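J.: Respectively, the protein sequence lines represent chains W and G.
Counted from 1, the first sequence has number 191 at position 191 by the working numbering; the numbering is strictly sequential.
Counted from 1, the second sequence has number 81 at position 81 by the working numbering; the numbering is strictly sequential.
Got a structure for you, questions after.
Number of protein chains: 2
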Amino acid sequence: MSAYHPLNEQEAIEIARALDSFFPEDAQLSSREIGDGNLNLVFHITDTVSGKSLIMKQAVPYAKVVGESWPLSLERARIESDALILQHKLAPGLVPQVYSYDADLALTIMEDLSDHIIMRQGLINGVRYPKFAEDISTFMAQTLFFTSDLGMNQQDKKLQVKSFVNPDLCKITEDLIFDDPYAVSSNNNYEPAIEDAAEALRTNGALHLEVAILREKFLTNAQALLHGDLHTGSVFATPESTKVIDPEFAYYGPIGFDIGAVIANLLLNYAGQGHWIKDEAERESFRAYLLDTIREVWAKFDAKFRALWNEHNVDRLAKSAAGYQDYYMNRLLQDAIGFAGCKIVRRIVGLSHVADIDRIPDAADREQAQRLALTIGTSLILLNRSAVSIEQAIDAVVTATAHERS
Amino acid sequence: MSAYHPLNEQEAIEIARALDSFFPEDAQLSSREIGDGNLNLVFHITDTVSGKSLIMKQAVPYAKVVGESWPLSLERARIESDALILQHKLAPGLVPQVYSYDADLALTIMEDLSDHIIMRQGLINGVRYPKFAEDISTFMAQTLFFTSDLGMNQQDKKLQVKSFVNPDLCKITEDLIFDDPYAVSSNNNYEPAIEDAAEALRTNGALHLEVAILREKFLTNAQALLHGDLHTGSVFATPESTKVIDPEFAYYGPIGFDIGAVIANLLLNYAGQGHWIKDEAERESFRAYLLDTIREVWAKFDAKFRALWNEHNVDRLAKSAAGYQDYYMNRLLQDAIGFAGCKIVRRIVGLSHVADIDRIPDAADREQAQRLALTIGTSLILLNRSAVSIEQAIDAVVTATAHERS
Numbered sequence: 001m002s003a004y005h006p007l008n009e010q011e012a013i014e015i016a017r018a019l020d021s022f023f024p025e026d027a028q029l030s031s032r033e034i035g036d037g038n039l040n041l042v043f044h045i046t047d048t049v050s051g052k053s054l055i056m057k058q059a060v061p062y063a064k065v066v067g068e069s070w071p072l073s074l075e076r077a078r079i080e081s082d083a084l085i086l087q088h089k090l091a092p093g094l095v096p097q098v099y100s101y102d103a104d105l106a107l108t109i110m111e112d113l114s115d116h117i118i119m120r121q122g123l124i125n126g127v128r129y130p131k132f133a134e135d136i137s138t139f140m141a142q143t144l145f146f147t148s149d150l151g152m153n154q155q156d157k158k159l160q161v162k163s164f165v166n167p168d169l170c171k172i173t174e175d176l177i178f179d180d181p182y183a184v185s186s187n188n189n190y191e192p193a194i195e196d197a198a199e200a201l202r203t204n205g206a207l208h209l210e211v212a213i214l215r216e217k218f219l220t221n222a223q224a225l226l227h228g229d230l231h232t233g234s235v236f237a238t239p240e241s242t243k244v245i246d247p248e249f250a251y252y253g254p255i256g257f258d259i260g261a262v263i264a265n266l267l268l269n270y271a272g273q274g275h276w277i278k279d280e281a282e283r284e285s286f287r288a289y290l291l292d293t294i295r296e297v298w299a300k301f302d303a304k305f306r307a308l309w310n311e312h313n314v315d316r317l318a319k320s321a322a323g324y325q326d327y328y329m330n331r332l333l334q335d336a337i338g339f340a341g342c343k344i345v346r347r348i349v350g351l352s353h354v355a356d357i358d359r360i361p362d363a364a365d366r367e368q369a370q371r372l373a374l375t376i377g378t379s380l381i382l383l384n385r386s387a388v389s390i391e392q393a394i395d396a397v398v399t400a401t402a403h404e405r406s
Numbered sequence: 001m002s003a004y005h006p007l008n009e010q011e012a013i014e015i016a017r018a019l020d021s022f023f024p025e026d027a028q029l030s031s032r033e034i035g036d037g038n039l040n041l042v043f044h045i046t047d048t049v050s051g052k053s054l055i056m057k058q059a060v061p062y063a064k065v066v067g068e069s070w071p072l073s074l075e076r077a078r079i080e081s082d083a084l085i086l087q088h089k090l091a092p093g094l095v096p097q098v099y100s101y102d103a104d105l106a107l108t109i110m111e112d113l114s115d116h117i118i119m120r121q122g123l124i125n126g127v128r129y130p131k132f133a134e135d136i137s138t139f140m141a142q143t144l145f146f147t148s149d150l151g152m153n154q155q156d157k158k159l160q161v162k163s164f165v166n167p168d169l170c171k172i173t174e175d176l177i178f179d180d181p182y183a184v185s186s187n188n189n190y191e192p193a194i195e196d197a198a199e200a201l202r203t204n205g206a207l208h209l210e211v212a213i214l215r216e217k218f219l220t221n222a223q224a225l226l227h228g229d230l231h232t233g234s235v236f237a238t239p240e241s242t243k244v245i246d247p248e249f250a251y252y253g254p255i256g257f258d259i260g261a262v263i264a265n266l267l268l269n270y271a272g273q274g275h276w277i278k279d280e281a282e283r284e285s286f287r288a289y290l291l292d293t294i295r296e297v298w299a300k301f302d303a304k305f306r307a308l309w310n311e312h313n314v315d316r317l318a319k320s321a322a323g324y325q326d327y328y329m330n331r332l333l334q335d336a337i338g339f340a341g342c343k344i345v346r347r348i349v350g351l352s353h354v355a356d357i358d359r360i361p362d363a364a365d366r367e368q369a370q371r372l373a374l375t376i377g378t379s380l381i382l383l384n385r386s387a388v389s390i391e392q393a394i395d396a397v398v399t400a401t402a403h404e405r406s
C-alpha cells in the first residue's frame, strides 16, 4: 500500500519542520498553497522569524483542469525531481535546487524563488529581461547537449531514456498540441468569433502534413532530455536572473521542441501586445525587443551548442563527418520553428490558453491578437522543412503583423 | 545471488526432460551444442524414440568472438524471448514458437527448426526461395507496423520502448556498423589487397556525412520494435517456409534498418556469386533472381505496410494529413537503402564477415567480390537521402557490376 495522500497545509508544515537542518529550531512556520491548480499542490512554507522559506510541490493523481476524470501517474513527480537535479548539475543557477524528494508522497522540496516573478506576467506588464536570452540559451545548450548522444555516453543515454519514459504527460502534449487543434474535439476551446480561422486549421491538408511530421518527431525522436514544457509560465525571472521550473513533462524528445516553446511564448506575448501597450511607438519598441530576443535565443543557443559539440563531442563519426554539424543545427532550427508554430496554434484554439492573450478584456482586441497568433503559427508550421535562417521566422512574423494592420 | 551458470549438455537434457508434457515419459534424450559460437550456447535436444526435438538457447555473459573481454548483459536473453513471443503473435508461423523462458539461466526453450537450413548457406548453394519475399515482407510489415505509433496505443508503445532498451547489443551495431569501418580501428578486419578501398572509406567526407545521419537515426529514432539483426543468417528457410530467428538485437529503432539488413545480405550474396556460380548464364540468372527478390521485398513490404496503415492506423493526424503516407514510405525506402549500404560495407572491412564472400577460396575472386560489395555499399549510402524508387538502388548495383567486368 502506498502512503500517498494529498497533503494539507498543517502536514506540509510538519514535513518542512522535520527537514534536516533547514529551518532553525525556533522557526515559526506558516504555509500557503500557491499552486496554479492544474496538476499539483504547491506549498510555500515560510519561517516568520528567520525569513527562510522553501517550496513543497506535490503531484496529484489527476489533471485538475478537467476535473478528476483525467488520471495522471504520480511517477511524473519522480521524473520532475530527477530532471531538476540533473538540470541543476548541467546548468547550475538556472533551476531551483532540490532539497529532498519523497517518492511515497510524490513530493519535491525545493528552493523558494518567490523573489522572482513568472516571466509571462512580467512580459504582459512590459518588463524586459536583458539576461533572458543569455540564460535560456545556456540552459538549453547545456541540458540538451549533455543528455544527447553527442554529449554523454551513448549506452548510459539509453538507460536515461528508459528512466524518463513519461507516457501520461506526453499524451497531454500529443493530444492538445498535435491533434485536437486540427480536428473537431471536445478538448478545443475558442471563441465563436474565430470559428472561420479554427475551421481553416481543420481543413488545411498541407498544414496537416507538416503537423503530422512534427508530431511523429515528438513521438519517435529521442534526441535529448527535454524540459518538455518550456513556456514563459515555466520561467521565474527578474531582469538579473532566470530560473526554469516545472520539468514534469521531461522526456527524451526532439531538441527543437524546447527551443520552439521559448519562441512560441515570446510570439504569443508579441501578438497580445497589440492590446497591452497602447502607445504605438512603445508597442513597436517592445515588439522589436521580443523579436530581437528570439534572434538572440537562437543565435546564442546555436553558438553554445556548437561550442559544446566542438569541445565535448563523444561521437567519433560526428567529428569526422564534413558538414554534419551544420546539417544537424539546421534541422534543430527547422524543428524549433515548426514546433513554435504548433505551440502557438494550440494556445489559441486548444484546451489551454495563455494570459498574454486570454486576459485581454476587449473582445475586438482579443480577436485581433488571436488571429495574428494563428497567422504567425501556421506560417511557422509551413516553414518548418525549408527554413535555413531564424530571419525567415522573423520575416513571417513581420508579414503577419503588417497584414494585421491593413 | 543469481543461479546463472552456463549449462552443460547433461544439465540441458535434465531441463528439457522436466519441461511440462513436451517429451513422452519414455523419451531418450540426447543433446548437441550447435551454437555458432558468438554470443550463445545452443542445445539441440532430441528424443531418439519419438523423434521430437527442441532448441534451448542460453545467453553467455560475454561475446565469444572477442574472448571473454567483451561483456554482454544477460538481459538480452529476456529481450530475445519477449521479442520472439511478440513476433510470433504478430507474424504467426514466421518465427519459432517459444515454449518457456528461464530468467535466472537466461535460457529460452523453443521450437526446433532443423528441417530448415540457414538461408545464407542456401543462397551460397544457389538455392532459390520463392516464398521468401512474400514471407519476409509479411514479417516486417506486421512486426514493424504493429509496434509503431501508427499501429498500437501510443502510450503502451512508450512502455514497450522502455522494456526493449538494449544498450549492450546496440553498442555492437553502433561500433561495428556505424563507426569502425570509417576509422582506423582494431575491430576492423580486411585483407591487405583492399587496403586502398578501406582507406577510401576512411577519407570520404561526403560518405561520413551520410553515415553520421544514418548512425543518428539508429541512435535516436524509436519508430518500431526492430528485429535488429535481420540478415540471411537469421533466417531459417526452405523453398516452402521462412522462419526468422535470433532477435536478441531487438530494440526500438528506425524501420529501414530491418529492411536494409535484408537487402544488404541479398546483395552480399550477389557480390559473392561472381565466384560461386561459374557458368555465366546461370550466374546472370541467379543474380537477376536476387535483384528481383529485392524489388519484391520492397514492393510487398510497401503494399502491406500501407494496407495495415489504411486499415489499422491509430493516429488521427496520420489519417487526415494529405501525402503523409507517401512521405513516410519514401523515408522508409531511403533509410532502407542507406542502412543496406552500411551493412554491406561493414561485412567487408569490419569485424564480422559473411560466408558468401569470406569463404571464396580464390584470393582474386574474393578480392573482386569484396570490391564489388564495397562499390555497391558506398553507392547505396550516398543514395540514401535522394532515393525515390527501389530501382535506383538496383541501378546502382547494375552499374557497379558492369564496372566489375570492365
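All C-beta atoms in this analysis are idealised placements derived from N, C-alpha and C, irrespective of residue type, glycine included.
In this text, all values refer to a predicted model and were calculated from it rather than measured experimentally.
#1: Per DSSP, which residues does residue 32 of chain G bridge with? Please list them.
#2: Could you check whether the Cβ of residue 143 of chain G sits closer than 8 angstroms to any Cβ belonging to chain W?
#3: Enumerated in chain order, which unbroken segments of the beta strand (DSSP E) with a length of 3 residues or greater are wholly contained in the stretch 302-376 of chain W?
#4: If you check the beta carbons only, do residue 212 of chain G and residue 263 of chain G fall under 8 angstroms apart?
#5: Relative to the alpha-carbon of residue 261 of chain W, which residue among W:73, W:6, W:137, W:38 has its alpha-carbon at the smallest distance?
#6: Judging by CA-CA distance, which residue of W:335, W:150, W:110 is the nearest neighbour of residue 217 of chain W?
#7: With a cut-off of 8 angstroms, do at least 3 Cβ pairs link the stretch 115-134 of chain G to the stretch 238-257 of chain G?
#8: How is the alpha helix (DSSP H) around residue 220 of chain G delimited, first residue to last?
#9: Of all the options G:146, G:287, G:94, which has the alpha carbon lying nearest to the alpha carbon of residue 310 of chain G?
#10: Would you identify the three-state DSSP class for residue 59 of chain G, choosing helix, strand or coil?
#11: Along the chain, where does the alpha helix (DSSP H) that runs through residue 86 of chain W open and close?
#12: Taking a cut of 7 angstroms between CB atoms, which residues from the stretch 153-164 of chain G lie near chain W?
#13: Residue 94 of chain W and residue 135 of chain W - do their beta-carbons sit closer together than 8 angstroms?
#14: Of the choices W:104, W:223, W:267, W:259, whose alpha-carbon is the least far from that of residue 3 of chain W?
#15: Establish whether the CB of residue 192 of chain G and some CB of chain W are separated by less than 8 angstroms.
#16: Pairs of beta-carbons, one from the stretch 342-352 of chain W and one from the stretch 366-377 of chain W, closer than 8 angstroms: are there three or more?
#17: Which of the residues in the stretch 191-212 of chain W, read from start to end, lie with their CB under 9 angstroms from any CB of chain G?
#18: Which residues mark the beginning and the end of the alpha helix (DSSP H) in which residue 139 of chain W is found?
#19: What are the residues that DSSP puts in a beta bridge with residue 71 of chain W?
#20: In chain order, what residues of the stretch 212-242 of chain G put their CB closer than 8 angstroms to some CB of chain W?
#21: Check residue 102 of chain G in the structure and name its three-state DSSP category.
#22: How would you list, in chain order, the residues of chain W whose beta-carbon sits under 7 angstroms from the beta-carbon of residue 324 of chain G?
#23: Output yes or no for whether 8 angstroms exceeds the beta carbon distance between residue 290 of chain G and residue 317 of chain G.
#24: Taking a Cβ distance cut-off of 8 angstroms, strictly less, list which residues of the stretch 164-190 of chain W are near chain G, in chain order.
#25: Decide if the stretch 11-19 of chain G is in contact with the stretch 322-329 of chain W; the criterion is three or more beta carbon pairs, one per stretch, under 8 angstroms apart.
#26: In whole angstroms, give me the CA-to-CA distance for residue 227 of chain G and residue 219 of chain G.
#27: Excluding the five sequence neighbours on either side, which residues of its own chain have a C-beta within less than 8 angstroms of the C-beta of residue 394 of chain W, listed in chain order?
#28: Please state if the CB of residue 162 of chain G and the CB of residue 425 of chain W are separated by a distance shorter than 8 angstroms.
#29: Can you give me, in chain order, the residues of the stretch 294-320 of chain W that have a beta carbon less than 7 angstroms from any beta carbon in chain G?
#30: Out of G:78, G:362, G:271, which one is the CA nearest neighbour of residue 404 of chain G?
#31: Leaving out the 5 sequence neighbours to the left and right, which residues in its chain are closer than 6 angstroms to residue 224 of chain W when beta-carbon positions are compared?
#32: Thinking C-alpha only, which one of G:322, G:391, G:283 is nearest residue 333 of chain G?
#33: Provide the residue(s) that pair with residue 243 of chain G in DSSP beta bridges, ordered along the chain.
#34: Taking just the CA atoms, how far does residue 203 of chain W sit from residue 184 of chain W?
#35: For residue 57 of chain W versus residue 40 of chain W, is the C-beta spacing smaller than 8 angstroms?
#36: How is residue 119 of chain G classed by DSSP in three states: helix, strand or coil?
T.: In brief:
#1: G:44
#2: When Cβ-Cβ separations below 8 angstroms define contact, residue 143 of chain G makes no contact with chain W.
#3: none
#4: no
#5: Checking every option, the nearest Cα to that of residue 261 of chain W belongs to W:137.
#6: W:335
#7: Touching, per the Cβ criterion.
#8: 205-220
#9: G:146
#10: Correct three-state label for residue 59 of chain G: strand.
#11: 75-90
#12: When CB distances to chain W are screened at a threshold of 7 angstroms, the residues of the stretch 153-164 of chain G falling below it are 154, 155, 158, 159, 161, 162, in chain order.
#13: yes
#14: When each option's Cα is compared against that of residue 3 of chain W, the closest is W:104.
#15: Not closer than 8 angstroms to any Cβ of chain W, the Cβ of residue 192 of chain G fails to qualify, so no.
#16: Counting C-beta pairs with one atom in each stretch, the stretch 342-352 of chain W and the stretch 366-377 of chain W have three or more that are closer than 8 angstroms, which means they touch.
#17: 202, 205, 206, 207, 208, 209, 210, 211, 212
#18: 132-145
#19: Per DSSP, the beta-bridge partners of residue 71 of chain W are W:62.
#20: 212, 213, 215, 216, 219, 220, 221, 222, 223
#21: If DSSP states are grouped into helix, strand and coil, residue 102 of chain G belongs with the strands.
#22: Going along chain W in sequence order, the residues near residue 324 of chain G (Cβ under 7 angstroms) are 209, 212.
#23: no
#24: Interface annotation for the stretch 164-190 of chain W against chain G: 165, 166, 167, 168, 170, 171, 174, 178, 179, 182, 183, criterion Cβ-Cβ distance under 8 angstroms.
#25: Counting Cβ pairs under 8 angstroms, fewer than three are found: no touch.
#26: 15 angstroms
#27: 291, 294, 295
#28: This structure cannot speak to residue 425 of chain W, because chain W is shown only from 1 to 406.
#29: 316, 317, 318, 320
#30: G:271
#31: Closer than 6 angstroms at Cβ, skipping near neighbours: 144, 147, 148, 255.
#32: G:391
#33: G:236
#34: Roughly 11 angstroms between the two C-alpha positions.
#35: Taking C-beta atoms as the reference points, residue 57 of chain W and residue 40 of chain W count as a pair closer than 8 angstroms.
#36: helix
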